[in-house]
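Engineer:
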Amino acid sequence: MALTAALAAFVIQSGELGTSDTSHRLQTTHSFWTSEPPVFPEEYPEFGIHGRQGKLYGWYGIGQSLLMLPADLAGTFIERLPVFANYDGNDPTVRAIFVSYSNNILICVLTALVCFRWLGLLGFTANQKIAGVFALLFGTTFLHYAQNMMENNYILLLTLTGLTFQYEWLRTGNRRALLIGSAALGANLLTRLTTGMDLLAVALFLLLAAWFANTRGNELRSRIAEYVKVAAPVYLVFGLMDRAYQYYRFGTIFHTYVKVVAEEHKLLDPTLPAAYPFETPFRVGFLGPLIKPDKSIFLFDPLLLLTLIVCVCAWKRFQPEIRAYLIAFALLLLTYICFYAKYTDWAGNDAWGDRYISTAAQLVAFISVPLWMRHRADAKKFVWALGIVLVGISVCVQLSSVMFWCPLEIYQMETRGHPAFVIGLRFQNIAAFAFGKMEQWGLMNNSMKEDPWDYVHITCFNFLPFLLRRVGAAAGWVVNLIAAIWYLALAALVALLLFIRRQAARGLLDAAGEAVAWTRHTDSA
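Residue numbers for the sequence shown follow this note's numbering, beginning at 1 and rising by one.
See the structure below:
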């Protein structure tokens, strides 16, 4: 399973960071150990805000920048090797290729393993656990963000890790597990402060799980006291680290970067609304992630619909911890939608779907598949058939999301208008590109050709061999070698998935899982 996750992440990489946000965070990483600034002067005012002593800083948290530090050190060293001298820093750079491959593959593998462990704690069989992991990897927007390295998958990994280990503590009383889980959730605060909502969702889940398991009175108060005693100091440490970074940049610990950004942007543009950056009507930002064809979570993560269907059909037969999980994280999803509803850029702007709420949507969506398999006997045949259709649609949507660089449809909407049915437009683009009909079908407009860098990237498949060949800066033999490795990795991924499917169909995975569980049970006894 870990090998499958590694191969999948390897195959879908473009060699680029996928977004300007991550490029800016990598520059901040680079400034930690080189003489380069965190923000170049020529990037202002499009990016960067002035902090202490008038220096330009990025406005993001430090979490992802710290994550990329080891890869940035190694990638910079590799980029300076004589063998790459003739490449001369062309796009994608050697450093960016190393950073994107190493970080994305690592996060993908770790997330798969933690997800597998989490589903095991919920009592799913081996087949159901593997199906749940693959539902997350291939059936949610996790796949897209495994190629386009925003903070999303890192946040998901930390939240899922915190959830898994803290629940292990609830079941076993293991304080070490509670400490690990608290550290993961605390580290999330360094990435994006709004992940404090993830922290609260996990705490709510634990409380509900204990309550539904009839833990009451002194026993419940004792567990709460133990949780606070261990977790609160960990959260405090990470909170102080975030505040220290805020003070280092902007000389204050009492507000977030949003206030600094708002003040500076209003100086540059006095016409901005007084409420900026929270001037969007709540109705617009609340309904947008639900019904807008270019941002709806039900279109970008169709497994959410399967979650709703399974809940309707089998809620009374759910185990207490499953009910606690669904309640806590459905509330987390709703809270994220409400929090960003009035934000000026409520949908995450140039992104695939609504990136601000994607991690919460993934947590609610992927659990549908193992639940759907567990309660198959409780549902009517048409529900099982509908589930197959939704899983198939979900996988197709996620595979389509990595075929092209995501700004392609954003360019097209400049002439077609907003909002557009982005998923349908993506499939149309794939067909048009495959048949060489982009111009004839009216999918290529003049604005796409104004920026040569963008034009190159949106007119080829978004995988490293195709991008290198399109850019034309690397030697032909290098491109051919990378293409050969890519096709071998793709073939290995397909073969491995077919092998796992055969083993699951024969019941061997469930049998092996039961044997391992029995061995662990007898060992502990």
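Backbone N, C-alpha and C define an ideal beta-carbon position, used for all residues, glycine too.
#1: May I ask you to report which of helix, strand or coil DSSP gives Y57?
#2: For P465, which residues of its own chain have a beta-carbon under 6 Å away from its beta-carbon, when the five flanking residues on both sides are left out?
#3: Going by the beta-carbon positions, is the gap between T22 and M149 smaller than 7 Å?
#4: Going by Cα to Cα distance, which pick from P273, L208, L207 and S182 is closest to G196?
#5: Go ahead and label P38 buried or exposed: buried means 16 or more other beta carbons lie within 10 angstroms of its beta carbon, across all protein chains shown.
#6: Using DSSP bridges, identify the partner residues of I49.
#7: Along the alpha helix (DSSP H) that carries V234, what are the first and last residues, could you check?
#8: Would you mind reading off the limits of the alpha helix (DSSP H) that contains L443?
#9: Any idea if S524 is buried or exposed, counting beta-carbon neighbours within 10 angstroms, 16 or more meaning buried?
#10: Taking the straight line between their C-alpha atoms, what separation do you get for R317 and C460?
#11: Hey, quick one: how far does the alpha helix (DSSP H) through G417 stretch, first residue to last?
#12: Is A341 near F278, with beta carbons less than 7 Å apart?
#13: On a CA-only basis, which of L305, V471 and L399 is nearest R389? Give me that one, please.
#14: Whole angstroms are fine: how far does the CA of P273 sit from the CA of A8?
#15: Using the rule of at least 16 other Cβ atoms within 10 Å of the residue's Cβ for burial, across every protein chain shown, is T191 buried or exposed?
#16: Does the beta-carbon distance from P92 to G15 come in below 7 Å?
#17: Closest to L179 by CA distance: which of T215, E226, G442 and L66 is it?
#18: If we count Cβ pairs, one from each stretch, closer than 8 Å, do we get three or more for the stretch 113 to 128 versus the stretch 69 to 88?
#19: Using DSSP with H/G/I as helix, E/B as strand and the rest coil, what is M373?
#20: Going by C-alpha to C-alpha distance, which of C313, A209 and P370 sits closest to L379?
#21: What did DSSP end up calling R506 once you bin it into helix, strand or coil?
#22: Out of A262, I107, A244 and G288, which one is the CA nearest neighbour of H50?
#23: Please state the DSSP three-state secondary structure of Y487.
#24: First and last residue of the alpha helix (DSSP H) that includes W169?
#25: Of the residues V397, G476 and L200, which one's Cα is nearest the Cα of F298?
#26: Quick check on the burial criterion: 16 or more other C-beta atoms within 10 angstroms. Buried or exposed for H521?
#27: According to DSSP, simplified to helix, strand and coil, what is T140?
#28: Measure the alpha-carbon distance for T347 versus E151 and round it to whole angstroms.
#29: Do D301 and A360 have their C-beta atoms within less than 7 Å of each other?
#30: Using the beta-carbon count (16 or more within 10 Å), is L498 buried or exposed?
#31: Does DSSP classify S524 as helix, strand or coil?
#32: If we ignore side chains and look at the alpha-carbon of each, how far apart do I253 and L66 end up?
#33: Let me know if I12 comes out buried or exposed under the rule of 16 or more other beta-carbons within 10 Å of its beta-carbon.
#34: Could you tell me the boundaries of the alpha helix (DSSP H) in which T22 lies?
#35: Alpha carbons only, please: which of Q166, L185 and A184 is nearest the one belonging to I224?
Structural biologist: Quick answer:
#1: strand
#2: I482, A483 and W486
#3: yes
#4: S182
#5: buried
#6: Y57
#7: G217 to F250
#8: Element bounds for L443: n/a, residue is neither H nor E.
#9: Residue confidence for S524 is low, a pLDDT of 48 falling below 50, so the modelled location carries little weight and cannot support an answer.
#10: 48 Å
#11: Neither: G417 is in no alpha helix (DSSP H) and is coded neither H nor E.
#12: no
#13: In the sequence as displayed, the identity of residue 389 is Val instead of Arg. The option with the nearest alpha carbon to V389 is L305.
#14: 45 Å
#15: buried
#16: yes
#17: E226
#18: no
#19: helix
#20: For clarity, residue 379 is Ala in the given sequence; the question names Leu instead. The candidate whose alpha carbon is nearest that of A379 is C313.
#21: coil
#22: A262
#23: helix
#24: N152 to T172
#25: V397
#26: Since pLDDT at H521 reaches only 47, below the 50 mark, its modelled position is unreliable, and the value read off the structure follows with that caveat. By the neighbour-count rule (16 or more Cβ atoms within 10 Å), H521 is not buried but exposed.
#27: coil
#28: A small fix is needed here, since residue 347 is Ala in this sequence, not Thr. Looking at the two C-alpha atoms, the distance is approximately 15 Å.
#29: no
#30: exposed
#31: Legend: pLDDT at S524 = 48, less than 50; position of this residue unreliable, value from coordinates given subsequently. Three-state DSSP puts S524 in a helix.
#32: 20 Å
#33: buried
#34: S20 to W33
#35: Q166
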